[in-house]
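Residue numbers (the UniProt record's numbering), protein chains in the order written: chain H, 1 to 333; chain F, 1 to 470. Note that beta-carbon positions come from the ideal geometry of N, C-alpha and C, so glycine has one too. Here the structure is a predicted model, which is why all the values come from computation and not from measurement.
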Amino acid sequence: MTIELAVAMAMFVGLVAYAVFGGADFGSGFYDITAGGAARGAELRTQIDHSIGPVWEANHVWLIYVLVTWWTGFPSAFAAAMSTLILPLLFALLGIVLRGAGFAFRKYSPTLSQARVHGALFAGSSLIAPFFLGTVAGAIASGRVPADGQGDLWSSWLNTTSLLAGVITVACCAFLAGTFLTADATRAGHDELAARLRRHTLMVGAVTGALVLGSLVPITQDAPTLAQGLTGRAAPLIATSILGGIVALVLLARNRPSAARVSAVVAVASVIVGWGAAQYPWLLVDEVTISDAAGAPATLRALLLVAAIAGIIVVPPLVYLFRLTQSTEWAQH
Amino acid sequence: MVAHDALSLAAAVDPAGLLPARQQMALTLGWHIILASFGVAFPAMIFVAHWRGLVRKEPIALVLAQRWAKVSAVLFAIGAVSGTVLSFEMGLLWPGLMGTFGDVLGLPFALEGLSFFVEAIFLGIYLYGWGRMPPRRHLLMVVPMAIAGVVGTFCVISVNAWMNTPAGFRIVDGEVTDVDPWAAMFNPIAGLQFAHMWVAAYMLVGFTIAGVYAVGMLRGRRDAHHRLGFLIPFTFASVAAVIQPVIGHLLGGGLGDRQPAKLAAFELATTTESPSPLRLGGVLVDGEVYGAIDIPVLGSLIAQNSFTAPVRGLDTIPLEDQPPVNITHWAFQTMIAIGTLLALAVVVYWAVRWWRKRELLDHTWFLGFCVATGPLAVVAVEAGWIATEVGRQPWVVYGVMRTSEAAGDYPGLWWLLAVTAVVYTCMTVGAVLVLRSMARRWRQGEHDLPSPYGPEAGLQDKTAGKERPA
Ligand code: HDD
Ligand code: HEM
Ligand code: HEM
Chain H
1 MTIELAVAMA MFVGLVAYAV FGGADFGSGF YDITAGGAAR GAELRTQIDH
51 SIGPVWEANH VWLIYVLVTW WTGFPSAFAA AMSTLILPLL FALLGIVLRG
101 AGFAFRKYSP TLSQARVHGA LFAGSSLIAP FFLGTVAGAI ASGRVPADGQ
151 GDLWSSWLNT TSLLAGVITV ACCAFLAGTF LTADATRAGH DELAARLRRH
201 TLMVGAVTGA LVLGSLVPIT QDAPTLAQGL TGRAAPLIAT SILGGIVALV
251 LLARNRPSAA RVSAVVAVAS VIVGWGAAQY PWLLVDEVTI SDAAGAPATL
301 RALLLVAAIA GIIVVPPLVY LFRLTQSTEW AQH
Chain F
1 MVAHDALSLA AAVDPAGLLP ARQQMALTLG WHIILASFGV AFPAMIFVAH
51 WRGLVRKEPI ALVLAQRWAK VSAVLFAIGA VSGTVLSFEM GLLWPGLMGT
101 FGDVLGLPFA LEGLSFFVEA IFLGIYLYGW GRMPPRRHLL MVVPMAIAGV
151 VGTFCVISVN AWMNTPAGFR IVDGEVTDVD PWAAMFNPIA GLQFAHMWVA
201 AYMLVGFTIA GVYAVGMLRG RRDAHHRLGF LIPFTFASVA AVIQPVIGHL
251 LGGGLGDRQP AKLAAFELAT TTESPSPLRL GGVLVDGEVY GAIDIPVLGS
301 LIAQNSFTAP VRGLDTIPLE DQPPVNITHW AFQTMIAIGT LLALAVVVYW
351 AVRWWRKREL LDHTWFLGFC VATGPLAVVA VEAGWIATEV GRQPWVVYGV
401 MRTSEAAGDY PGLWWLLAVT AVVYTCMTVG AVLVLRSMAR RWRQGEHDLP
451 SPYGPEAGLQ DKTAGKERPA
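Here is the structure:
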């Protein structure tokens with residue numbers, strides 16, 4: 001394996017982690033919005049606070065990791081994507097800022113009316129951010145970012161593939177979050193809440209599945225290079241993803257949310273990995289390959305070293321944090 | 001020269017994205033740096049309070065630690081999102097810089113990302129760990145958080161230092177070659193610049209938190225709680241304030257060789273004089289200095305560590321390589337003035353306390369001054385950054401790349417600036433409202449600050465439904 005490819009894969013690992021963990025955090029915004037009035041939604045909103053409170057900042061750092069690795073490892077392709085996709089990136093950024101601030105402010109709001117404002121900001125922007133990040137992915141995957149970065153500021157992300165990718169991203173986030181929240185509520189012994197979440201998640205899961213299947217044809221027509229990869233090299237991954245989704249729904253319906261969580265993660269992770277495999281060897285589809293975009297070799301080696309150090313320094317405490325939040329002492333609030 | 005100041009900020013040939021991009025960077029960085037300082041320095045203070053509470057069994061200290069942890073949850077959250085804004089902006093606003101030098105300056109950023117990970121993970125554990133894990137282990141969770149904050153600061157400052165003293169690459173025929181990311185990261189002034197910022201963060205946070213308790217004492221709440229809440233941060237800030245002028249002086253040494261135009265602007269040196277005076281105040285208008293107070297020889301002594309060595313004058317530097325002089329000069333002197341004042345003030349406080357056995361905290365005027373020290377330290381940090389950043393102009397990478405080459409070409413960036421200004425204003429207002437309401441509820445004797453839509457509301461709902469039939 002070439003060193004460029006190794007760095008690209010290290011970056012991709014971060015992307016998958018962000019999609020899964022960050023995605024689950026974003027998706028909880030959907031349940032927050034639909035939780036109902038202050039009294040009716042109180043239990044669910046408290047559960048959301050409790051589930052994502054300790055982890056959202058750590059999950060968010062995956063995005064920083066991806067950005068930094070990208071601009072360090074593949075600087076010119078980064079600059080090109082940033083220049084062409086400035087608008088959706090800025091919208092996503094606005095969503096990220098409002099979500100973080102809204103979440104932190106809501107928890108310590110003195111009055112219900114302030115908490116409402118902050119809560120609406122948190123929940124609404126939790127859906128805005130993944131939508132626009134999805135359009136960015138769609139724009140890159142459908143070959144709309146030219147190597148010189150002079151792509152059209154609007155049509156590059158206002159097109160079939162990008163918009164569908166945006167909607168699918170939101171749906172996947174909501175599905176992931178639903179399984180996570182159901183599992184958390186079950187473990188904490190909030191049975192009514194868990195039942196309600198399970199019903200919602202099953203609906204979200206069905207809609208997500210329909211969206212993914214329904215968008216296959218339009219994406220195939222709109223993004224031929226990606227489609228070729230998806231039906232070729234990446235086909236097993238896509239099949240895994242579909243299977244994972246179905247298994248997750250079945251497990252959830254049978255009231256086994258912890259296991260459903262695992263299959264939901266498999267479903268989402270394999271669709272992302274499938275996307276990467278489908279567009280290999282392109283970094284910016286039809287424009288720049290991974291090896292063309294690579295920065296200085298010394299830097300790539302240093303980046304791999306940092307990724308390895310991250311594996312040693314970051315992963316164990318991250319696992320510790322997740323295990324703590326899953327323990328019984330932490331389940332009660 | 002005022003005309004020149006204005007010109008160099010908005011020359012007609014510059015890309016349309018340049019001026020708004022600079023203002024955007026200034027606004028968002030200027031905002032982030034205040035919150036980031038809390039991320040750097042607050043954990044150490046929380047640690048001391050928590051340690052005293054737990055190991056020395058002082059209940060007051062434990063309450064302080066719990067409250068500070070809650071405050072830091074709010075501050076760190078908006079610190080993290082404002083930092084994310086910067087990560088995006090590096091690429092969005094400066095494609096020329098990141099496209100060309102991304103692989104040169106990326107390594108410290110990557111390591112910075114790593115330390116943010118560590119910081120965020122242990123922050124999550126610490127904030128939610130109260131009462132949920134063994135107390136001593138819980139206390140230890142602050143340590144990695146504090147270390148990660150320091151490492152992260154070094155990394156990000158090393159990027160800024162690299163822009164001042166570029167290293168770790170060569171330019172051959174217009175192409176960047178021989179990239180050595182480690183040499184770029186450990187560039188000549190990275191260490192000192194880091195030390196300066198690190199200490200500045202302790203001043204900012206220490207004086208600000210101490211000031212909050214000074215307000216309480218001024219309003220008559222002179223209990224042990226307020227004294228301890230004042231003394232812990234004030235002690236940190238005192239040490240920092242005394243060290244800071246020394247580090248600043250070391251940082252300024254050699255500036256005449258590194259960036260002569262910046263030093264000339266700092267010192268308002270229009271011509272090369274030997275020995276150079278120290279010029280206080282004053283403005284440069286059409287090449288003439290008005291209203292300055294000159295102290296002979298001191299300029300050479302401070303800037304060059306010599307009785308005779310001159311500060312190179314602006315007249316030796318081509319006009320197109322000069323920074324906006326007045327902004328740089330005033331920002332620099334503001335920082336120095338505040339730094340000197342704060343260092344003197346803390347020396348006086350501790351000297352009076354130790355040798356005269358008198359407590360200045362019993363005097364209203366001193367408490368009033370303490371309330372002002374927090375904002376003063378904030379102004380010093382901002383002024384310091386303005387001095388470094390504006391003083392480096394017109395270069396983004398000193399001597400290598402001009403800022404105009406780094407900027408993108410979108411005129412629409414003014415919209416972005418307007419939106420950002422609105423969002424950041426709202427975020428500031430939101431943070432102030434929430435923090436003040438937390439303080440108010442604590443004063444009223446509430447301890448845990450449950451969320452208003454919290455379990456109680458949910459429980460009432462349920463019990464209402466359940467209990468009625470019974
Ligand atoms: C006020 C706070 C402040 C802080 C904390 C920083 N800066 Fe700065 N920066 C400015 C204030 C500023 C400025 C004064 O606002 C500048 C200088 C000229 C301008 O228009 O904006 C600026 C410009 C500026 C630019 C645009 C190019 C240029 O005009 O030189 C870049 C790329 C950076 N800075 C990078 C950094 C980095 C990587 C920092 C952190 C280590 C940093 N700045 C800290
Ligand atoms: C001037 C110096 C800077 C210092 C001392 C500094 C320090 C810090 C610290 C200590 C944190 C954690 C803060 C917290 O949780 O409150 C933080 C957050 C962050 N900073 Fe900065 N920073 C600086 C400038 C920058 C710049 C220039 C960038 C990007 C280009 C940046 C990107 C970030 C990011 C992405 C985060 C969020 C990490 C997270 O999600 O937890 N910072 N910064
Ligand atoms: C009297 C004491 C001080 C001296 C002599 C001093 C000196 C300096 C010098 C020479 C620079 C510019 C470095 C360069 O561009 O190469 C600088 C920048 C800076 N100063 Fe100070 N300073 C002092 C006090 C302070 C104080 C009190 C603070 C904050 C509380 C502060 C915060 C900063 C910051 C944030 C920068 C920009 C970052 C950097 O380049 O290091 N300084 N200072």
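Query: Local conformation of V66(H) per DSSP, three classes; Result: helix
Query: Spatial distance of F200(F) from I290(H) (CA atoms); Result: Here residue 200(F) is Ala; the residue named in the question, Phe, does not match the sequence. Cα to Cα, the separation comes out at about 42 Å.
Query: Contact test: L27(F) Cβ vs ligand 4 heavy atom, cutoff 6 Å; Result: With respect to ligand 4, the structure shown offers nothing to examine, as its ligands consist of ligand 1, ligand 2 and ligand 3.
Query: Alpha carbon of K466(F) to alpha carbon of G232(H), nearest angstrom; Result: Because K466(F) carries a pLDDT of 35, less than 50, the predicted location of this residue cannot be relied on, and the following value inherits that uncertainty. Each residue's alpha carbon lies about 57 Å from the other.
Query: Three-state secondary structure assigned by DSSP to W395(F); Result: strand
Query: Cβ separation of P146(H) and C173(H), assumed to be a contact under 8 Å, to the nearest whole Å; Result: Actually they do not touch by this definition, with Cβ atoms about 29 Å apart.
Query: Rounded straight-line distance, which links the Cα of S72(F) to that of A58(H); Result: 15 Å
Query: Entirely enclosed beta strand (DSSP E) segments - the region 264–288 of chain H, minimum 3 residues; Result: 282–284
Query: Whole runs of the alpha helix (DSSP H) within the region 378–453 of chain F, excluding any shorter than 4 residues; Result: 403–406 and 413–443
Query: Residue closest to N164(F), alpha-carbon to alpha-carbon, out of S37(F), V297(F), F186(F) and S82(F); Result: F186(F)
Query: Among V242(F), L107(F), S87(F) and M335(F), nearest to R301(H) - alpha-carbon criterion; Result: L107(F)
Query: Buried versus exposed, by CB contacts within 10 Å (16 or more), D103(F); Result: buried
Query: Which of helix, strand or coil DSSP assigns to E57(H); Result: helix
Query: Chain F contacts from the region 132–163 of chain H (Cβ-Cβ distance under 9 Å); Result: G149 and L153
Query: Other residues of its chain near R67(F): CB distance less than 7 Å, five sequence neighbours each side excluded; Result: W442
Query: D294(F) - containing beta strand (DSSP E), residue span; Result: I293 to I295
Query: Short CB-CB distance (under 7 Å) between A239(H) and chain F; Result: no
Query: Within chain F, the residues that E329(H) reaches when beta carbons sit closer than 8 Å; Result: R132 and M133
Query: Stretch pair the region 404–424 of chain F + the region 21–33 of chain F: three plus CB contacts closer than 8 Å; Result: yes
Query: Contact set for residue 482(F): own chain, Cβ-Cβ below 6 Å, skip 5 residues either direction; Result: Limits of chain F in this structure are 1 at one end and 470 at the other, which puts residue 482(F) out of reach.
Query: Expected contact under 8 Å - CB spacing of L163(H) and I219(H) to nearest Å; Result: Contact doesn't hold; Cβ gap of about 11 Å is too wide.
Query: Short CB-CB distance (under 7 Å) between L130(H) and chain F; Result: Looking at the sequence provided, one finds Pro at residue 130(H) rather than Leu. Taking Cβ atoms only, chain F never reaches closer than 7 Å to P130(H), which makes this a no.
Query: is_contact[L413(F), chain H] using C-beta, thresh 7 Å; Result: no
Query: CB contact below 7 Å: T299(H) versus chain F; Result: yes
Query: CA-to-CA distance, W62(H) to A17(H), given in whole angstroms; Result: 7 Å
Query: Range of the contiguous beta strand (DSSP E) that encloses I171(F); Result: R170 to V172
Query: Presumed contact (8 Å Cβ cut-off) between A110(F) and L303(H), rounded CB distance; Result: 6 Å
Query: As assigned by DSSP and simplified to three states, the class of V7(H); Result: helix
Query: Cβ contact (3+ pairs, closer than 8 Å) linking the region 178–186 of chain H and the region 15–34 of chain H; Result: yes
Query: Min CB distance F116(F) to chain H below 7 Å; Result: yes
Query: Distance between beta carbons of A141(H) and V20(H), contact taken as under 8 Å; Result: Not quite, the Cβ-Cβ distance comes to about 19 Å (not below 8 Å), so this is no contact.
Query: 7 Å Cβ cutoff met for V396(F) and V215(F); Result: no
Query: 8 Å Cβ cut-off: residues of chain H touching residue 482(F); Result: Summary: the structure shown does not reach residue 482(F), with chain F confined to residues 1 through 470, and so no result is reported for it.
Query: Closer than 7 Å to chain H by CB, A425(F); Result: Just to set this straight, residue 425(F) is Thr in the shown sequence, not Ala. No - not a single Cβ of chain H is within 7 Å of the one on T425(F).
Query: Alpha carbon of L127(H) to alpha carbon of A146(F), nearest angstrom; Result: 33 Å
Query: Per DSSP, the bridge partner or partners of V346(F); Result: According to DSSP, V346(F) bridges with nothing at all.
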